[in-house]
Amino acid sequence: MLVKYLFLSIFVLLFFYGLIRPFASIFAKLFLIVGSVFGFLSLLGADYVNQIALFIGVENATLLYLYFGLITIFLTIIITLNRFDEINARITKLTRKIAILESKINEK
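The number in our numbering is simply the position in the sequence shown, starting from 1, with 3 added.
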């Protein structure tokens with residue numbers, strides 16, 4: 004019982020941390036807020052999550068967690084690929100600038 008209350012308090016703290024802290028990405032903020040809400044609800048009991056699942060249109064809580072898990076995985080993959088593309092673009096830009104500067108130095 005103590006562990007349940009500990010995790011409930013951790014999820015509440017994470018929720019408020021997500022609301023207060025300024026994030027560079029809105030996805031990170033939403034991920035933290037929604038994840039902490041679902042963690043909190045999962046610890047309250049299966050009945051609450053089943054009611055939410057039925058309201059959304061899913062058969063039960065297990066499938067709801069499966070769907071949200073898959074959505075989370077796909078969003079993580081998409082965000083990671085976007086970051087790699089941004090880093091590659093920055094590396095390309097820096098490489099071009101270095102090449103231009105080296106050619107100017109070699110001309111002198």
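We put the CB at the ideal spot given by N, CA and C, even for glycine. Predicted model only: the values in this text are computed from it and were never measured.
CB of residue i within 8 Å of CB of residue j, strictly
i   : j   : result
G21 : L9  : no
F41 : F77 : no
F43 : F19 : no
L17 : S39 : yes
Classification of residue i by the beta-carbon crowding that lies within 10 angstroms, buried from 16 upward
i   : result
L67 : buried
A64 : buried
V6  : exposed
A92 : exposed
A56 : buried
Residue i versus the options, residue with shortest Cα-Cα distance
i   : options              : result
T83 : S12, F30, L57        : F30
S28 : R86, L104, N53, I101 : R86
L33 : V61, T75, L97        : T75
Does the count of Cβ pairs from the segment 45 to 63 and the segment 15 to 29 closer than 8 Å reach three?
Taking a cut-off of 8 Å on C-beta distances, the segment 45 to 63 does not touch the segment 15 to 29, as fewer than three cross pairs fall below it.
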